[in-house]
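In what follows, a structure is listed as structure tokens, so that the remarks can point back to it.
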Amino acid sequence: MISSAKSVVGKLTLVAVFMFGFGYLLVPLYEVFCDITGLRFTQDANEELVAQEIIEDTTRLVTVEFDASLNQSMPWEVKPAVTRMQVHPGRVYTTNYIAKNKTQSAMVGQAVPSITPFVANKHLVKTECFCFENQPIEAGQQVEMPLSFMVNPKLPKDVKVVTLSYTFFDITQSAEINNFDSNESVLAFN
Amino acid sequence: MSTVATDDHHDDHQESPYSIKRWVFTTNHKDIGTLYLWFSFIMFLIGGVMALIIRTELFEPGMQFVDPQFFNSMTTMHAIIMVFGVVMPAFTGLANWLIPMMIGATDMALPRMNNWSFWILPFAFAMMMSTLFMDGGGPAGGWTLYPPLILQTGDAFPFVILAIHFMGLSSIMGAINVIATVLNMRAPGMTLMKMPLFVWTWLITAYLLIAVMPVLAGGVTMLLTDKYFLTSFFNAAGGGDPVLFQHIFWFFGHPEVYILILPSFGVISSIIPTFARKPLFGYASMVYATGSIAFLSFIVWAHHMFTVGMPLAGELFFMFATMLIAVPTGVKVFNWVATMWRGAMTFETPMLFALGFIIMFTIGGFSGLMLALAPVDFQYHDTYFVVAHFHYVLVPGSVFAIIAAVYYWLPKWCGNMYNEGLGKLHFWLSTIFVNLTFFPMHFVGLAGMPRRIPDYALQFSDYNMMATVGAFGFGFAQLIFLYVVIQAIRSGNKATSQVWENAEGLEWTLASPAPYHSFTTPPVVK
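Here the protein sequences come in this chain order: U and L. Just so you know, this note's numbering puts 125 at position 121 of the first sequence, and the rest follows in order with no gaps. Just so you know, this note's numbering puts 964 at position 328 of the second sequence, and the rest follows in order with no gaps.
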């Protein structure tokens, strides 16, 4: 009886340890889930679409709206150069975002995109985007950040308006720490 | 305390029943059960005082007594204490006292681990409550600990996380002990399908605990590394997603709410047949219903987060899966009603609390069904309607079941009957005030009063005033309970070993009070 109690305890402890790991396993599972459902913008979907041959659809116009917001009262000023564009699916367009660092010290920002409606996540292709890398800005400076994008003609017909919204995060602290660790200097720019 | 004197009696704890060492080193299931139950009652008073601070502030619109930060840390601490410090330890205490007696064992399978799993708790909660005195105050982001808000907690943050780790560790060890006891220590002839339902529901609860407490531990560890070690599990700037935390939390959180209610189903299934003087209707269906509820609890978690932005298919799946839970729960409620049908019912205090449980838990179940409707949840989400719902299933649900269990088995534990008149008074006051507290919350919730806010719009004043009066009434009514229990232990009339005329189960074959070691020779179960 005692030894069988021990084996029960052993098995149950293993289950508990496994479930602790399972909590962490939920992180990649969630990524996969988001990829499949298109809940979030992901880089893989982007690359896949760029590789395909795409024919411009001049018969259709889609409105793309641009928006920017700052996380946790970050002391920057960020706005899109234009707030809306009429675009033909299949053609690459370029626009700018303008960001100004209103503080007295250099800061590093990171833009995180969000697209609505969800279904457009798979169909809004960014060929060049400031959101792919960190954005270091010197004290008081203003920069223009380019964005090249294309609406995939596969975008469902009922979607007339796509909103692309960027939230800027202050990552100055973690960028400095990463900078310390590697030679790749995120803060150095001209 | 003289060390010499106690060392002489080192091996026999019964010789020195009042020494502190007996309680610190005890490995006896009854002692540990008693410790759990008293710990739970003390935490019930502390968590209750926090609830009264919340209700005092909400007595009138406007800011009166506490500042908003402290108000928020009261709602957070009240929830954590009531969930992890009251309901869970009370059920573990009942499991310790009752499971060995019900299955014909001497003691729990792992007595030393049993001691350890209890004694972790006072330290965990001392640490948790000490955070109220730290820089930046206690945790104030709600018991759900959602980032990024919870990451703004001051010095308290790592202490809260560590305290949650300890609470999880304690309940995992308790659960392992229950499973090992039930699987290995049953008396000859006590097959699984002959076990009392309280043992069955606890066995299933224990599996749920082992499955989900580690997930919570993982989730809060990610919060900790996000704050101090620059990981980005939930930090959008680093590629993480705060919504991911909600998924992890509710993957734990939904089974957790069944951990808080399944043992109550077992208690009610023991009490109703005794006072209806009929065997339980549909024993096997009760077991399968409990199993189904436990299984379904793993696939419904996102109904807590209908408003975060989910694909339509997700909303529909979680909505229908949630409504499916009404089926096994309905089986249980109808079985209890069928047990009472044409029974020779009497209404002693445990039966009153059990009947109150069935009616008021069902009210909470119905408001749960309303919340499960994804389209309308967009209005109910984060309002007082949600507060009304989960308080109906937890207070007149779990807490009433725990109180019913104490009245029902107390004569077996201490050998004396409690005062029936005071018990009934306790029931009626509790029932009236619990409804006065929580029923108006349905109305203010539907009208749009948000939860976790220290101030509110004027049109909600009357209902909030009623709720505050009810809360104070309910709180003070519990002092009657304390008095009744102490009076029964000290000076109640002697109880017979059968205690209740028609009670069935091995625990009633033992003397009252139950001997220190339950069944030294295994009983024979027909």
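In this text, a Cβ means the ideal position worked out from N, Cα and C, and glycines have one as well.
Please classify residue i as buried or exposed, where buried requires at least 16 other C-beta atoms within 10 Å of its C-beta.
i: Ser8(U); result: exposed
i: Tyr1028(L); result: buried
i: Pro160(U); result: exposed
i: Ala949(L); result: exposed
i: Tyr1054(L); result: buried
i: Phe701(L); result: exposed
i: Phe769(L); result: exposed
i: Phe917(L); result: buried
i: Met738(L); result: buried
i: Lys1100(L); result: Note on residue identity: the sequence assigns Asn, not Lys, to residue 1100(L). Looking at its Cβ environment, which holds 16 or more other Cβ atoms inside 10 Å, Asn1100(L) is buried.
i: Trp977(L); result: exposed
i: Ile995(L); result: exposed
i: Ile59(U); result: exposed
i: Gln108(U); result: exposed
i: Asn1129(L); result: exposed
i: Tyr654(L); result: exposed
i: Gly14(U); result: exposed
Can you find a C-beta in chain U that's less than 8 Å from the C-beta of residue i?
i: Ala847(L); result: yes
i: Pro947(L); result: yes
i: Ala962(L); result: no
i: Leu898(L); result: no
i: Trp884(L); result: Checking the sequence, you will find Ile at residue 884(L) rather than Trp. Yes, Ile884(L) counts as interfacial toward chain U.
i: Leu839(L); result: no
i: Leu785(L); result: no
i: Ile808(L); result: yes
i: Leu1082(L); result: no
i: Phe887(L); result: yes
i: Asp643(L); result: Low local confidence applies: a pLDDT of 41 at Asp643(L) is under 50, so the model's placement there is unreliable, with the coordinate-based value given in what follows. Taking Cβ atoms only, chain U never reaches closer than 8 Å to Asp643(L), which makes this a no.
Relative to the C-alpha of residue i, which residue among the options is closest?
i: Ile689(L); options: Thr1104(L), Pro1159(L), Ser1127(L), Ala1124(L); result: Thr1104(L)
i: Glu1137(L); options: Tyr1016(L), Trp752(L), Tyr1044(L); result: Tyr1044(L)
i: Val1012(L); options: Phe931(L), Glu1143(L), Val1031(L), Gly1084(L); result: Gly1084(L)
i: Leu681(L); options: Ile668(L), Gly721(L), Thr663(L), Met809(L); result: Gly721(L)
i: Leu1094(L); options: Glu696(L), Tyr919(L), Gln1015(L); result: Glu696(L)
i: Gly777(L); options: Gln1015(L), Asn708(L), Asn1071(L); result: Asn708(L)
i: Cys133(U); options: Ile141(U), Val123(U), Ser118(U), Pro150(U); result: Pro150(U)
i: Gly902(L); options: Phe834(L), Val936(L), Thr943(L), Leu844(L); result: Phe834(L)
i: Gly669(L); options: Lys657(L), Thr712(L), Ser753(L); result: Ser753(L)
i: Thr958(L); options: Thr943(L), Ile812(L), Ile929(L); result: Ile929(L)
i: Ile141(U); options: Val163(U), Asp174(U), Thr98(U); result: Asp174(U)
i: His714(L); options: Leu757(L), Val685(L), Leu819(L), Ile908(L); result: Val685(L)
i: Ala990(L); options: Met946(L), Thr965(L), Ala1041(L); result: Ala1041(L)
i: Ser806(L); options: Ile846(L), Leu952(L), Met744(L); result: Ile846(L)
i: His1162(L); options: Arg822(L), Met826(L), His801(L), Ile678(L); result: It should be pointed out that residue 1162(L) corresponds to Lys in this sequence rather than to His. Residue Met826(L) is the option with its Cα nearest to Lys1162(L).
i: Ala115(U); options: Lys106(U), His92(U), Gln139(U), His127(U); result: Gln139(U)
i: Val123(U); options: Ala143(U), Phe26(U), Cys38(U), Ser178(U); result: Cys38(U)
Spell out the partners DSSP gives residue i in its beta bridges.
i: Met1006(L); result: None, per the DSSP bridge assignment.
i: Thr1(U); result: Residue 1(U) lies beyond the range of chain U shown here (5 to 194); nothing can be said about it.
i: Trp80(U); result: Asn105(U)
i: Arg88(U); result: Glu69(U)
i: Ser152(U); result: Thr98(U), Glu132(U)
i: Val147(U); result: Ala103(U)
i: Ala115(U); result: Phe172(U)
i: Leu1200(L); result: Residue 1200(L) is absent from the structure shown; chain L starts at 637 and stops at 1162.
Check the Cβ-Cβ distances between residue i and every residue of chain L, and say whether any is below 8 Å.
i: Gln139(U); result: no
i: Thr171(U); result: yes
i: Thr107(U); result: no
i: Ala103(U); result: no
i: Ser77(U); result: no
i: Thr176(U); result: no
i: Ser186(U); result: Bear in mind that a pLDDT of 41 at Ser186(U), under 50, signals an unreliable position, so the number given afterwards is only what the model happens to contain. For Ser186(U), the answer is no, since every Cβ of chain L falls outside 8 Å of its Cβ.
i: Ser8(U); result: yes
i: Phe136(U); result: no
i: Thr41(U); result: yes
i: Leu128(U); result: no
i: Val31(U); result: yes
i: Val116(U); result: yes
Just checking residue i against the ligand PLP - is the residue's beta carbon closer than 7 Å to any of the ligand's heavy atoms?
i: Ala110(U); result: What this structure holds is no ligand at all, so the ligand PLP is not there to describe.
>> Along the segment 851-882 of chain L, where does the CB come closer than 9 Å to a CB of chain U? Name the residues.
In response: Going along the segment 851-882 of chain L in chain order, one finds Val851, Leu852, Ala853, Gly854, Gly855, Thr857, Met858, Leu866, Ser868, Phe869, Asn871, Ala872, Ala873, Gly874, Gly875, Gly876, Asp877, Val879, Leu880 with a Cβ nearer than 9 Å to chain U.
> Got a sec: which bits of the segment 813-836 of chain L sit with their beta carbon under 9 Å from any beta carbon on chain U, in order along the chain?
Replying inline: Those would be Asn813, Ile815, Ala816, Thr817, Leu819, Asn820, Met821, in chain order.
> Taking a cut of 7 Å between CB atoms, which residues from the segment 1091-1124 of chain L lie near chain U?
Replying inline: Within the segment 1091-1124 of chain L, contact with chain U at the beta-carbon level (separation under 7 Å) is assigned to no residue.
>> If the cut-off is 9 Å on Cβ atoms, which residues from the segment 904-934 of chain L count as contacting chain U, listed in chain order?
In response: Residues of the segment 904-934 of chain L with a Cβ closer than 9 Å to any Cβ of chain U: none.
>> At a CB distance below 9 Å, what residues from the segment 13-26 of chain U approach chain L? Give them in sequence order.
In response: Of all residues in the segment 13-26 of chain U, those with a C-beta nearer than 9 Å to a C-beta of chain L are Val13, Leu16, Thr17, Val19, Ala20, Val21, Phe22, Met23, Phe24, Gly25, Phe26, reading in chain order.
>> Tell me which residues of the segment 713-746 of chain L have at least one Cβ-Cβ distance to chain U shorter than 8 Å, keeping chain order.
In response: Here the close residues are Ala745, Leu746.
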